[in-house]
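One structure is given below, encoded as structure tokens.
Given below as structure tokens:
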């Protein structure tokens, strides 16, 4: 899971690609949790935080 310092080094197209992958992963985790007990119950929370980090970086670049 990349942190903020590694996100600043990526270009916007890479960030957009990472965002779509994270959203797909979150969708998969939600469907898996609906069917059975998940192995890692904190995985959706981690995915949401990563999505927020990516969106924050994209929005901060759009403002500047």
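Numbering (this note's numbering), first residue to last: 154 to 217.
Ideal Cβ placement from N, Cα and C applies to all residues, glycine included.
- Within its own chain, the residues whose Cβ lies closer than 7 Å to the Cβ of residue 201, once the five positions on either side in sequence are excluded, are 179, listed in chain order.
- The C-beta separation of residue 210 from residue 182 comes to about 22 Å, leaving the pair out of contact by the 8 Å criterion.
- In the three-state DSSP reduction, residue 195 falls in the coil class, being neither helix nor strand.
- For residue 178, the three-state secondary structure derived from DSSP is helix.
- Per the coordinates, the alpha-carbon of residue 158 lies some 23 Å from the alpha-carbon of residue 195.
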